[in-house]
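Participant: Our numbering puts the first residue of the sequence shown at 22, with every later residue one more than the last.
We put the beta carbon where it would ideally sit given N, CA and C, even for glycine.
As the structure is a prediction and not an experimental result, all values here were calculated from the model.
Sharing a structure with you now.
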Amino acid sequence: MRVKNKLKKNSEFLISENPQVDVASNNGLTKRTSLFPALQSRNYRLYIFGQFISVIGTWLQIVSQGWLVLHLSDSPIVVGVIAALSTIPTLLFSLFGGVIVDRFEKKKVLFFTQIANMVLALTLSVLTLTNVVTVPAIGIIALLMGTVNAVDAPARQSIISTLVNKDQLASGIALNSSIFNAARAIGPGIAGILIASLGTGVSFLLNGISYLAIIIALRFITINEKRTVNNTPPLEAIKDGINYSFTHPVIRILIIFTGVLSVFGWSYSTMMPVIAKNVFHLDAQGLGYLYSATGLGALTATFIVGRYSIKTSPVVLIAAGNVMFSVSIILFAVTSSFILALPLLFFIGMGLLSQAATINTFIQRILKNEYRGRVMSLYVLMFLGLAPFGNFEVGWITERIGISFALILNGSIVLLFGLIVFSYKNKIRQAYQHYKRVNGEANTLNN
22 MRVKNKLKKN SEFLISENPQ VDVASNNGLT KRTSLFPALQ SRNYRLYIFG QFISVIGTWL
82 QIVSQGWLVL HLSDSPIVVG VIAALSTIPT LLFSLFGGVI VDRFEKKKVL FFTQIANMVL
142 ALTLSVLTLT NVVTVPAIGI IALLMGTVNA VDAPARQSII STLVNKDQLA SGIALNSSIF
202 NAARAIGPGI AGILIASLGT GVSFLLNGIS YLAIIIALRF ITINEKRTVN NTPPLEAIKD
262 GINYSFTHPV IRILIIFTGV LSVFGWSYST MMPVIAKNVF HLDAQGLGYL YSATGLGALT
322 ATFIVGRYSI KTSPVVLIAA GNVMFSVSII LFAVTSSFIL ALPLLFFIGM GLLSQAATIN
382 TFIQRILKNE YRGRVMSLYV LMFLGLAPFG NFEVGWITER IGISFALILN GSIVLLFGLI
442 VFSYKNKIRQ AYQHYKRVNG EANTLNN
């Protein structure tokens, strides 16, 4: 009764206010896109195609950068430091990025960020191809790209709601995640081949060119975006967004757990070049196989979330993913078999993305639209901005104690916090049921 009264009191938080977008479709297209209704939207199809090409390029750079830094420094902690530099700006500036996203057209914001990242990627390519690249130079470019991404990431998260209607939103978010992880499955394998045959400089060059895909897609997307005029000073607007998120009965819990996943869950991937070289004695192509196994698992998870997130309580998907990740990462930490490592990495990726995609989808479905940019910037801050702490932590422990201990420790911490989130299962489940009732009434009224 106490929970129900609190939910009733906070019912205004649980009404989805995503703008409706008229989408032209036909019966044939509807049948082919029944699994992911968001594909019925022309705008969304254009965006997701450009996104797919661009993110493949991003993974080329991620893998190549880690391998190049390890080659130049031969130090796991330096690999972690450079990875951290690419995400520190998210910690510092993503909340301001959310204010920008709420005040300007998301399409124009993305145009700017894509062009800026393209210039930086091409600069790194030139430095590498001319053999003048250094670790400090890589660090500076990583820091600059991270600064751009502090605005880009909230914009990418928020623009989905302008490309689809409310009924297609969960599908659109899940597909956006699946595209990222399809690229994650494909990109590292390509990167491994490119590094081995043509060098890291070519990978950076192709990443720079790949930004053209999303830039061209944005050019042909037509959005009639409704923006709320807000003249509130930036710091006050940020405070308002934080207050909204942390007084929300569900978003608060999910945002905190996102931070835990960022620091102790995703950080394992930073050490993949070290694991490939020192544990499995692999070359760059072998590193690509390890990343691809994780990406395939993550891709599988996003299809599951996209298919069942509407009908299944988020508690179930989060709990299942939590156990799957934690057990798999601990087993991965103690195996020296490359053959056993691949399926374990598959389940690691599947477990992490089951949690992350469910959290992202549910938050976006229940938040108020005027707070979308700021809430998603807070989500990005927790998801990416806290990553430097995880990168430093896993690099420091790996260098002083060993990679196995680091992975076991982090997997155990994620499992512990997953159990804490699960202890709130009744509150989350009842909030979810309340949301479905409210959303059903809203849909009836709209119809």
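#1: Give every residue of the same chain whose Cβ lies closer than 7 angstroms to the Cβ of M139, excluding the five residues on either side of it in the sequence, and list them in chain order.
#2: Tell me the residue span of the alpha helix (DSSP H) that contains S75.
#3: Have a look at E462 and V172 and give me their C-alpha separation to the nearest angstrom.
#4: Look at the Cβ atom of T321, then the Cβ atom of F367, and state whether they are nearer than 9 angstroms.
#5: For F301, I'd like the list of residues in its chain whose CB is within less than 6 angstroms of its CB, leaving aside the five on either flank, ordered along the chain.
#6: Helix, strand or coil for K389? Go by DSSP, reduced to three states.
#7: Leaving out five residues on either side along the sequence, give the residues of the same chain with a beta carbon under 6 angstroms from the beta carbon of I339.
#8: Can you tell me the Cβ-Cβ gap for N381 and I194, rounded? I've got them flagged as a contact below 8 angstroms.
#9: With a threshold of 16 other CB atoms inside 10 Å of the CB of I441, please say whether the residue is buried or exposed.
#10: What do you reckon, are the CB atoms on F353 and V435 nearer than 9 angstroms?
#11: Is there contact here, the region 69 to 89 with the region 383 to 396, by at least three beta-carbon pairs under 8 angstroms?
#12: So, helix, strand or coil for E257, using DSSP?
#13: W490 lies in the alpha helix (DSSP H); which residues open and close that run?
#14: Is Q454 helix, strand or coil by DSSP?
#15: Does the distance from the C-beta atom of L196 to that of T323 stay below 9 angstroms?
#16: Between N299 and I422, is the Cβ-Cβ spacing less than 9 angstroms?
#17: Based on Cα-Cα distance, which residue from I98, S266, S313 lies nearest to T291?
#18: Residues in the same chain with beta-carbon distance under 7 angstroms from S369, minus the five sequence neighbours each way, listed in chain order, please.
#19: Quick one: grab the DSSP three-state call for E420.
#20: Which runs of the alpha helix (DSSP H) fall wholly inside the region 356 to 418 and span at least 4 residues, in chain order?
#21: Taking the C-alpha atoms as reference points, what is the distance between F267 and M403?
#22: Could you check whether A341 and G309 sit closer than 9 angstroms to each other, using their CB atoms as the reference points?
#23: Tell me which residue opens and which closes the alpha helix (DSSP H) that F225 is part of.
#24: Using the Cα positions of P409 and T108, report the straight-line distance between them to the nearest angstrom.
#25: Following a CB-centred definition, is Q376 positioned closer than 8 angstroms to any heavy atom of the ligand PLP?
#26: Would you please state the rounded distance, in angstroms, between the beta carbons of P209 and S313? I believe it to be under 8 angstroms.
#27: Which residue comes first and which comes last in the alpha helix (DSSP H) that contains D173?
#28: Answer with buried or exposed for L374, where buried requires no fewer than 16 other C-beta atoms within 10 angstroms of its C-beta.
#29: If we count the other Cβ atoms within 10 Å of its Cβ and call it buried at 16 or more, is P157 buried or exposed?
#30: For G280, which residues in the same chain have their Cβ closer than 7 angstroms to its Cβ, ignoring the five residues on either side in sequence?
#31: The alpha helix (DSSP H) spanning D123 covers which residue range?
#32: Could you have a look at I244 and say whether DSSP puts it in helix, strand or coil?
#33: With a Cβ-Cβ cutoff of 9 angstroms, do I235 and K448 count as a contact?
#34: Please tell me whether L116 and I325 are closer than 9 angstroms, where the distance is taken between their beta carbons.
#35: Let me know the secondary structure DSSP gives L303 once reduced to three states.
Facilitator: This is what the structure holds:
#1: Along the sequence shown, one-based indexing puts residue 139 at 118. Excluding residues within five positions, the ones whose Cβ falls inside 7 angstroms are G229, Y232.
#2: Reading the sequence shown from its first residue, position 54 is the one you call residue 75. Looking at the DSSP string, the run of the alpha helix (DSSP H) that includes S75 is 63 to 94.
#3: Walking along the sequence shown from the start, residue 462 turns up at place 441. Walking along the sequence shown from the start, residue 172 turns up at place 151. Interpretation of E462 is limited by its pLDDT of 40, a score under 50 that renders its predicted location unreliable; the figure taken from the coordinates is listed afterwards. Cα to Cα, the separation comes out at about 35 angstroms.
#4: Counted from its first residue, the sequence shown places residue 321 at position 300. Counted from its first residue, the sequence shown places residue 367 at position 346. For T321 and F367, yes; Cβs fall inside 9 angstroms.
#5: Position 280 of the sequence shown, counting from 1, holds the residue named residue 301. Answer for F301: F359, listed in chain order.
#6: Walking along the sequence shown from the start, residue 389 turns up at place 368. In this structure, K389 counts as coil in the three-state DSSP scheme.
#7: On the sequence shown, position 318 is the one that residue 339 refers to. The answer, listed in chain order, is Q376, T379.
#8: The count along the sequence shown starts at 1 and reaches residue 381 at position 360. The count along the sequence shown starts at 1 and reaches residue 194 at position 173. At roughly 6 angstroms, the Cβ-Cβ gap stays under 8 angstroms, so N381 and I194 are in contact.
#9: Residue numbering aside, residue 441 sits at position 420 when the sequence shown is read from its first letter. Looking at its Cβ environment, which holds fewer than 16 other Cβ atoms inside 10 Å, I441 is exposed.
#10: Position 332 of the sequence shown holds residue 353. Position 414 of the sequence shown holds residue 435. Contact flag unset, no.
#11: no
#12: Working through the sequence shown from its first residue, we reach residue 257 at position 236. Helix.
#13: This structure gives no information on residue 490, because the portion of the chain shown stretches from 22 to 468.
#14: Position 433 of the sequence shown holds residue 454. Correct three-state label for Q454: helix.
#15: Indexing the sequence shown from 1 puts residue 196 at position 175. Indexing the sequence shown from 1 puts residue 323 at position 302. Cβ atoms of L196 and T323: closer than 9 angstroms.
#16: Here residue 299 refers to the residue found at position 278 of the sequence shown. Here residue 422 refers to the residue found at position 401 of the sequence shown. No, Cβ-Cβ distance for N299 and I422 is not below 9 angstroms.
#17: Within the sequence shown, numbered from 1, the residue matching residue 291 stands at position 270. Closest option to T291, Cα to Cα, is I98.
#18: On the sequence shown, residue 369 is found 348 positions in, with the first residue counted as 1. It should be noted that the sequence gives Ile, not Ser, for residue 369. For I369, where only same-chain residues beyond five positions count, the Cβ hits under 7 angstroms are T315, G318, F346, S349, I350, F353.
#19: Taking the first residue of the sequence shown as position 1, residue 420 is located at position 399. Three-state result, E420: helix.
#20: 359 to 387, 393 to 401
#21: Looking up residue 267 in the sequence shown gives position 246. Looking up residue 403 in the sequence shown gives position 382. Distance between the alpha carbons of F267 and M403: 13 angstroms.
#22: Your numbering for residue 309 matches position 288 in the sequence shown. Your numbering for residue 341 matches position 320 in the sequence shown. No, the pair does not count as a contact, with Cβ atoms beyond the cut-off.
#23: Mapped onto the sequence shown, residue 225 falls at position 204. Where F225 is concerned, the enclosing alpha helix (DSSP H) stretches over 221 to 241.
#24: By 1-based counting over the sequence shown, the position of residue 409 is 388. By 1-based counting over the sequence shown, the position of residue 108 is 87. Rounded to the nearest angstrom, the two C-alpha atoms are 6 angstroms apart.
#25: Looking at this structure, you won't find the ligand PLP or any other ligand, since it has none at all.
#26: Looking up residue 209 in the sequence shown gives position 188. Looking up residue 313 in the sequence shown gives position 292. Right, their Cβ atoms sit about 5 angstroms apart.
#27: In the sequence shown, counting from the first residue as 1, residue 173 sits at position 152. Taken as a continuous stretch (DSSP letters only), the alpha helix (DSSP H) holding D173 covers 156 to 184.
#28: Taking the first residue of the sequence shown as 1, we reach residue 374 at position 353. Per the 10 Å Cβ criterion, buried.
#29: Counted from its first residue, the sequence shown places residue 157 at position 136. With fewer than 16 Cβ atoms within 10 Å of its Cβ, P157 is classed as exposed.
#30: Numbered from 1 along the sequence shown, position 259 holds the residue referred to as residue 280. M403, L407.
#31: Here the question's residue 123 lines up with position 102 in the sequence shown. Segment 109 to 124, the alpha helix (DSSP H) holding D123.
#32: Locating residue 244 in the sequence shown gives position 223, counting from the first residue. Here I244 sits in coil by DSSP.
#33: Indexing the sequence shown from 1 puts residue 235 at position 214. Indexing the sequence shown from 1 puts residue 448 at position 427. Not closer than 9 angstroms, so no.
#34: As a working note, residue 116 is residue 95 in the sequence shown. As a working note, residue 325 is residue 304 in the sequence shown. No, they are not a contact pair.
#35: Here residue 303 is taken as the residue at index 282 of the sequence shown, counted from 1. Three-state result, L303: coil.
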